[in-house]
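In this text, residue positions in the sequence shown follow this note's numbering: the first is 53, and each later residue adds one.
Beta carbons are placed, not taken as given, at the ideal position from N, Cα and C, and that holds for glycine.
Just so you know, these numbers come straight off a predicted model, no measurement behind them.
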Amino acid sequence: MPRISVIMPVYNNVIYLQQAINTILLQTLNDLELIIIDDGSTDGSAGIIHEIKDTRVKKIFHTENMGIVTSLNQGLDLAQGEYIARMDSDDAAALNRLEVQAYFMDQNPTIDICGTGYTTNYLGPVRLNPMHHEEIKVWLLFNCCILHPSVMMRRSSIDRLGIRYDYNYPHAEDYELWNRLSSSAQFANLPHNLMYYRTHEGQISNKHRVIQDNSARRIRQRQLSQLGIQLSDEEYALMVKLAEFRVNSEDFEDYRTAAGFANWLVDQNRQYHVFDQDLLRMALSRCISRVPY
């Protein structure tokens, strides 16, 4: 049984695929299996996968495109490792990524899911997400603060919590999963740059933005329903403005409206006790002041 299973869905990423594969197979922690699931690629990606000789690689080929949720859940079903990591076929992992994450998980047995810091430019700044569970839980109201391809999960947690991705939230399946698990699992983000997260026009977040935004709205509304809140279209637009750090502090009315909305959320949370009150207040303050985490 391998120590770590890495799940890599693939769909038409022939340009970047070989690099993504190499950065996993050359990891300093090499007791792993790489599960590559080609979801009906038509651009030559399947040919690259067929040529891999490394016996640690499991190759799955779909004859037609079935969607990333099908591939991800199939990978979870096939994975044999103590830890299960995600990897996208257009990204690159630091060669010690799995070793660092596995060590952290070994030392912190209460953590179920662990993400990492990352960069979107080889020479650019490292992007860090909130590190501790209660912070992550709050910030998940506003954005997906756990980078999906950087994640490592415990096999035991996947079995205990019945972790599977939901088909009903297209192009936001990770954001839905983290929010769904935020009250039953323990999250952490490492303050280390262990991933190069590639941004390009072919990404889901660029190609399917409208569908993704609709899924995100339903996820946020589900979370807010725990506070007894049902947002109108106007109120939701204001929440998105907060989440995207677009409140104009030089416009008195814009600032006052945002502050009133934030105070409403804080008051509702005081009643329902869903989120840490101080952390929620801090997150809302940062959103209004346009100071990302």
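Cβ-Cβ distance between residue i and residue j below 8 Å
i, j, result
"L336", "N321", "no"
"R91", "R250", "Looking at the sequence itself, residue 91 is Asp, so the reference to Arg does not match. Going by C-beta atoms, D91 is not nearer than 8 Å to R250."
"R207", "I163", "no"
"P61", "S123", "yes"
"E225", "I120", "yes"
"I340", "A311", "yes"
"S202", "L246", "yes"
"V109", "I88", "yes"
"F313", "E287", "yes"
"L130", "Q79", "no"
"Y307", "V318", "no"
"L77", "R55", "no"
"S209", "G133", "no"
"Y227", "A289", "no"
"V66", "D106", "no"
"Y63", "N117", "yes"
"L242", "V152", "yes"
Helix, strand or coil at residue i [DSSP, three-state]
i, result
"V66", "coil"
"G312", "helix"
"R216", "coil"
"S57", "strand"
"C339", "helix"
"R108", "coil"
"A145", "strand"
"L229", "helix"
"R138", "strand"
"F304", "helix"
"N241", "strand"
"I165", "strand"
"E85", "strand"
"L246", "strand"
"Y170", "strand"
"F327", "coil"
"M334", "helix"
"R322", "helix"
"M157", "helix"
Residue range of the unbroken alpha helix (DSSP H) whose run includes residue i
i, result
"G133", "Run containing G133: none; DSSP gives neither H nor E here."
"R221", "Note on residue identity: the sequence assigns Tyr, not Arg, to residue 221. Per DSSP, Y221 belongs to no alpha helix (DSSP H) and is neither H nor E."
"D8", "An answer regarding residue 8 cannot be provided, because it is not within the stretch 53 to 345 covered by the chain."
"D285", "D285 to A295"
"I198", "Run containing I198: none; DSSP gives neither H nor E here."
"I188", "H185 to W191"
"S97", "S97 to H102"
Buried versus exposed, by CB contacts within 10 Å (16 or more), residue i
i, result
"L175", "exposed"
"S348", "Nothing can be reported for residue 348: it is not among the residues displayed for the chain, which extend from 53 to 345."
"Y155", "exposed"
"D140", "buried"
"A72", "buried"
"Q329", "exposed"
"E296", "exposed"
"Q275", "buried"
"H185", "buried"
"Y324", "exposed"
"R138", "buried"
"V343", "exposed"
"R149", "buried"
Residue range of the beta strand (DSSP E) that includes residue i
i, result
"R206", "M204 to R206"
Near the ligand MG: residue i beta-carbon under 7 Å from a heavy atom
i, result
"A335", "Absence of the ligand MG is noted for the structure shown, with no ligands found whatsoever."
**OP:** Could you say if the segment 104-118 and the segment 209-224 meet the contact criterion of at least three C-beta pairs nearer than 8 Å?
**Re:** A contact between stretches requires three or more CB pairs, one per stretch, nearer than 8 Å, and the segment 104-118 fails this requirement with the segment 209-224.
Original post:
Are the segment 276-295 and the segment 170-182 touching by the rule of at least three beta carbon pairs closer than 8 Å?
Top reply: Touching, no.
**OP:** Kindly confirm or deny that the segment 90-105 and the segment 178-191 touch, where touching means at least three C-beta pairs closer than 8 Å.
**Re:** In the pairwise beta carbon analysis, the segment 90-105 is classified as not touching the segment 178-191: fewer than three pairs are separated by under 8 Å.
Original post:
Looking at C-beta atoms only, is the number of pairs between the segment 229-239 and the segment 261-268 that lie closer than 8 Å three or more?
Top reply: The answer is no - the segment 261-268 does not touch the segment 229-239, with fewer than three Cβ pairs under 8 Å.
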